Each structure stands twice: as structure tokens, then as C-alpha cells.
Amino acid sequence: MSRDGSIRRRDCAMPAASADLRVRSQVEIRALLRQMVQNDIPVSLGGADLPTYSTSLWAEDSEHQVLVFSVDPKAEAVQRLVCAGDLTATAYLDNVKIQFDVDDLVLVNGRVGSVLNASYPREVFRFQRRSSFRVQPIGRGRAQACMAHPELAGRQLELRIIDLSYTGVALMLAEPLDLFQRGQRLPNVLLELDAGTRINTGLVISHVSRVEAIGGAYWRIGCELAGLDLVTERELQRYIDQTQRRSRLLTL
Numbered sequence: 001m002s003r004d005g006s007i008r009r010r011d012c013a014m015p016a017a018s019a020d021l022r023v024r025s026q027v028e029i030r031a032l033l034r035q036m037v038q039n040d041i042p043v044s045l046g047g048a049d050l051p052t053y054s055t056s057l058w059a060e061d062s063e064h065q066v067l068v069f070s071v072d073p074k075a076e077a078v079q080r081l082v083c084a085g086d087l088t089a090t091a092y093l094d095n096v097k098i099q100f101d102v103d104d105l106v107l108v109n110g111r112v113g114s115v116l117n118a119s120y121p122r123e124v125f126r127f128q129r130r131s132s133f134r135v136q137p138i139g140r141g142r143a144q145a146c147m148a149h150p151e152l153a154g155r156q157l158e159l160r161i162i163d164l165s166y167t168g169v170a171l172m173l174a175e176p177l178d179l180f181q182r183g184q185r186l187p188n189v190l191l192e193l194d195a196g197t198r199i200n201t202g203l204v205i206s207h208v209s210r211v212e213a214i215g216g217a218y219w220r221i222g223c224e225l226a227g228l229d230l231v232t233e234r235e236l237q238r239y240i241d242q243t244q245r246r247s248r249l250l251t252l
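Under the UniProt record's numbering, think of the first position of the sequence shown as 1, with each following residue one higher.
Written out as C-alpha cells, the structure reads:
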């Protein structure tokens, strides 16, 4: 963040029409951050040429202008984040993407554990677009993507679904397999979302990133959905809408 409190980096990249997406009211900012704390919302910390670190906002203190993130101090990514300059936090509150700069990041070690402290944001970006609504599968069964990969003859991959939108899906790869590259097309992928929802689709790899999480490192495979017919699109929309409603009920 610059000395006048304005967001870095994105000012030049974002169009003028996005100005109304800025939240500068401290009351509104605190309300968003409190939702993240109370609902234990996953938060991704990252920056240019840095691995994404998945964590959560443990506490927010507007009086002392401090944010407190949960952390595994042994994770390799943590030290790199602390030493980095330009960092961004990204989280999703239902269908709203929340993003803000993370400044003055410090690793604090205590008797009962460790945390990451950062300055309270003076500005937050809030994005709300139907095409980017993302949900995390809930329920007892594990949502997964099943596919045959050309480099793994006779073996079917079953990758956990991290989150899903109307246009894309993020998958978790726990093994260090060099199988996915940006732009790669994967036909005939089966998304098993729940006991009654299975979607056949093609995928186009949009990005592959290593994520350092408290439970261990994994690879996040971001994909675009390709070749959905009208019936399948409606089925996907029904699943996403139902999952959003169930998520809200669980937080009441």
C-alpha cells in the first residue's frame, strides 16, 4: 500500500469503471473481515513469483489496526511471504470475491502457536459477477473430477474439487506429477459433485500453482469448462445454487 493508503498494482490494471468496487469505509471493511473470521473463510496469500499460501483470518482488530492470520511456521512459503514486498489476500464470501493488499507482514511465535500479523487494510476490492460465482462442495461425499490422462495409460486420475463456478473448476493434485500445462485440453472429464449430480465436460487448463497449506503442499489446477450443452449448464447452475443455499444455512 502506498503512503496515501491507496491500493498498489491494480490501479493501473483495472478500468475506471471498477472504481465503484472499492470499499474504503472502515465500517464496511470491518464487516467484511469479521465475516471472514466468524465463518473461517479460506484466504489465499500470494504475490508475483510466489507460491500461494492457503490460510484463514484468525482475528481482526480495527482498534489497533492489525490483522492476524493462522500459519504453519514450518511451511517454506511462509518465510518467502514475510520477506516479500507486494502481497495480496484473496477470499470468497458466497458469490463475492474479496481482495486487498497485505502490508507489514510479520511472523509472531508464541507459546501456544504462531500467527502472521499484518496492517489493517485501508481499502478492499469487492467483485460480484455471476460468471465468477464460486462454491466449495459440501457434504459427506468428496466431490472429484475423474479423467484418463494420455501420459498415464491404464490409470484414471481422481482429483478433489476445491471449488467450482459456472465457467470453471479448481482441482487439487496431491502428487508431484508433471502432467498439466497451461492451455492443455482434457476431453471427457467426469465431475462427480454429489450423489445425484454428475457432469461430463471438457477442461482447458488455465493455470497450475503450488500451494503451501498447513496440511501440506499441493498443486492447484485451475480449469475452464468447455463443451457444456444447455441441459448440463442448467444442471450445473442448479447444483451451484443449492450449494450456496446450504452454505448459508450452515452459517446461521
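Glycine included, every Cβ here is placed at the ideal spot set by N, Cα and C. The model shown is predicted, which means the values in this text are computed figures rather than measured ones.
Where G154 and V169 are concerned, what is the direct C-alpha to C-alpha distance, given to the nearest angstrom? 25 Å
Where Q237 falls: helix, strand or coil (DSSP): helix
Can you give me the start and stop residues for the beta strand (DSSP E) that E192 sits inside? R185 to D194
Let's see if you can read the secondary structure: which residues bound the beta strand (DSSP E) around Q79? Per DSSP, Q79 belongs to no beta strand (DSSP E); it is in the alpha helix (DSSP H), E76 to C83.
Contacts around L105, its chain only, beta-carbon distance under 7 Å, and the 5 residues preceding and following it disregarded: L81, V82, L87, L116 and A118
How many angstroms separate the CA atom of I199 from the CA atom of L93? 25 Å
Count Cβ pairs between the segment 177 to 184 and the segment 42 to 60 that sit closer than 8 Å; are there 3 or more? no
Using beta-carbon positions only, say whether I29 and V23 come within less than 8 Å of one another. yes
For W219: DSSP bridge partner residues: L173 and R210
Going by DSSP, what residue range makes up the alpha helix (DSSP H) through Q65? From DSSP, Q65 is part of no alpha helix (DSSP H); its letter is neither H nor E.
Would you tell me roughly how many angstroms separate the C-alpha atoms of Q237 and R111, rounded to the nearest one? 47 Å
Quick test of your reading: E224 and V204, contact by CB under 8 Å. State the CB separation rounded to the nearest angstrom. 4 Å
Report all residues from its chain with a CB closer than 8 Å to the CB of N109; omit the five preceding and five following residues, and keep chain order. P73
CB of H149 to nearest heavy atom of the ligand MG: below 7 Å? With respect to small molecules bound, the structure shown includes none, and the ligand MG cannot be examined in it.
Classify L191: buried if its beta carbon has 16 or more other beta carbons within 10 angstroms, exposed otherwise. buried
Buried versus exposed call for L152 [16 or more other C-beta atoms within 10 Å across all chains shown]: exposed
Using 8 Å as the limit for Cβ to Cβ distance, is D86 near chain C? You won't find chain C in this structure, because it holds only one protein chain.
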